[in-house]
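**Q** Residue numbers for the sequence shown follow the working numbering, beginning at 832 and rising by one.
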Amino acid sequence: HCGGVTGGWDNLLAVIPGGSSVPCLPKDVCADVLMDFDDLKKEQSGLGTAAVIVMDKSTDIIEAISRLSYFYKHESCGQCTPCREGTTWLWQMMERMRTGDARLEEIDQLHELTKQIEGHTICALGDAAAWPLQGL
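1) Quick check: what's the CA-CA separation for residue 909 versus residue 922?
2) Taking only three categories from DSSP, how would you classify residue 843?
3) Which of helix, strand or coil does DSSP assign to residue 925?
4) Residue 874: which of 880, 881 and 866 sits nearest, CA to CA?
5) Please name the residue, chosen from 859, 931 and 870, that lies closest to residue 893 on a Cα-to-Cα basis.
6) Could you pull the start and end residues of the alpha helix (DSSP H) that residue 860 belongs to?
7) Report the residue ranges of all beta strand (DSSP E) runs contained in full by the stretch 867–955; include only those spanning at least 3 residues, in chain order.
8) Using the beta-carbon count (16 or more within 10 Å), is residue 904 buried or exposed?
9) Return yes when the Cβ of residue 945 is within less than 7 Å of the Cβ of residue 959, no when it is not.
10) Tell me which residues share the same chain as residue 890 and place their Cβ nearer than 6 Å to its Cβ, disregarding the 5 neighbours each side in the sequence.
11) Just tell me which of 842, 950 and 943 has its CA closest to the CA of residue 857.
12) With DSSP as the reference, please indicate the residues paired to residue 834 in a beta bridge.
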C-alpha cells in the first residue's frame with residue numbers, strides 16, 4: 832500500500848480514488864469501501880483512471896479542489912459554453928472559498944453549477960471538472 836498514510840490511518844482526511852476527475856471520499860467511507868467500480872459508484876465516486884490521491888489532515892481540501900478547478904479551467908478548449916464559462920465560475924467560486932471571501936449561499940450555487948455543467952458539454956472535460964466539487 833505504498834507505505835500507508837503519512838502519520839498513520841488516524842491522519843487520513845480523504846481519498847480521491849480515480850484521479851482528479853472523481854469525487855473524493857472522506858475517511859469514514861474509506862474504511863469500508865472496496866476499490867472497485869461497483870462499490871465506488873455506490874459511494875457516488877468512481878475508479879476513473881485509478882490514479883489514487885491520498886490527502887492527510889495537513890491538506891487544505893478547499894485549496895486542493897480549487898487547484899483542480901484551475902486545471903480544468905485552463906484545459907477547457909472553450910468550444911462549448913457550459914465548459915468555457917462554467918469552469919471559470921467554478922474556479923472563481925472555489926478561490927473565494929479558499930480565501931474566505933465566499934458567501935454561505937455559494938455552497939448551494941456551486942453544487943447547482945456543477946449540475947449545469949455535468950452532462951451538458953461536448954466532451955467529458957465538463958464532467959471531469961464538476962465531479963471533484965460534487966465530492967465536497
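We put the beta carbon where it would ideally sit given N, CA and C, even for glycine. Note that the structure is a prediction, hence the values are computed from the model and not measured.
**A** Quick look at the numbers:
1) 15 Å
2) strand
3) helix
4) 866
5) 931
6) 858–861 is the extent of the alpha helix (DSSP H) around residue 860.
7) 884–887, all fully within the stretch 867–955.
8) buried
9) no
10) 844
11) 842
12) In DSSP, residue 834 forms no bridge with anything.
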